[in-house]
Amino acid sequence: MGIERHWMVGKRLSQSPPPIIDFSGTWVNRLGSEMTLTVTDGKVTGRYRTAVGEPSPTEEFELVGFASGDLLAFTVNFGKYESLTAWVGQHTVENGVETIYTLWHMTKNIIEEEEPRQLWAGFLTGANTFVRR
Numbered sequence: 025m026g027i028e029r030h031w032m033v034g035k036r037l038s039q040s041p042p043p044i045i046d047f048s049g050t051w052v053n054r055l056g057s058e059m060t061l062t063v064t065d066g067k068v069t070g071r072y073r074t075a076v077g078e079p080s081p082t083e084e085f086e087l088v089g090f091a092s093g094d095l096l097a098f099t100v101n102f103g104k105y106e107s108l109t110a111w112v113g114q115h116t117v118e119n120g121v122e123t124i125y126t127l128w129h130m131t132k133n134i135i136e137e138e139e140p141r142q143l144w145a146g147f148l149t150g151a152n153t154f155v156r157r
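Next comes the structure, spelled out in structure tokens:
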């Protein structure tokens, strides 16, 4: 039942094709983090500046991912801060404002000696909403 149920989640719910969204441009979330995206043939590249955590708000990080219709997935490597974050989301328009609703997962390095006791402390998850700037 589990595999069949998971497969059903991936079935198309609509007979009409999803809209093709050009995600290229600058997007900002409610925390003030900003990403600048370029999309070419479904491949996403760009830069990400976070407004939370240790990095300076002016420090930029490489962003890579994929776009398909109105869906977006991207990852940022925060390098010297020893963490990676991946987002998946969907574009919509609300009250005339282009919006991307996302869920994210972050993993951060746990010191080897502490991994047996602290490994799960290295995983965080949440949601972000980005709007086009």
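Our numbering numbers the first residue of the sequence shown as 25 and each following residue consecutively. Positions of the beta carbon are idealized from the N, C-alpha and C atoms, including for glycine.
Classify residue 26: buried if its beta carbon has 16 or more other beta carbons within 10 angstroms, exposed otherwise. Translated into positions along the sequence shown, residue 26 becomes position 2. In this prediction, residue 26 scores a pLDDT of 49, lower than 50, which makes its location untrustworthy; the coordinate-derived value is nonetheless stated afterwards. Residue 26 should be labelled exposed.
Spell out a yes or no on whether the region 127 to 138 and the region 80 to 88 are touching, meaning 3 or more CB-CB pairs, one atom from each, closer than 8 Å. No contact exists between the region 127 to 138 and the region 80 to 88.
Tell me whether the beta-carbon of residue 70 lies closer than 7 Å to the beta-carbon of residue 60. As a position in the sequence shown, residue 70 is number 46, starting the count at 1. As a position in the sequence shown, residue 60 is number 36, starting the count at 1. Going by C-beta atoms, residue 70 is nearer than 7 Å to residue 60.
To the nearest angstrom, how far is the alpha carbon of residue 121 from that of residue 52? Indexing the sequence shown from 1 puts residue 121 at position 97. Indexing the sequence shown from 1 puts residue 52 at position 28. Rounded to whole angstroms, residue 121 to residue 52 spans 12 Å at the Cα level.
Stretch pair the region 91 to 107 + the region 131 to 138: three plus CB contacts closer than 8 Å: Segments in contact, yes.
Run through the DSSP bridge pairs and tell me what residue 56 is partnered with. As a working note, residue 56 is residue 32 in the sequence shown. BP columns for residue 56 are empty, so no partner.
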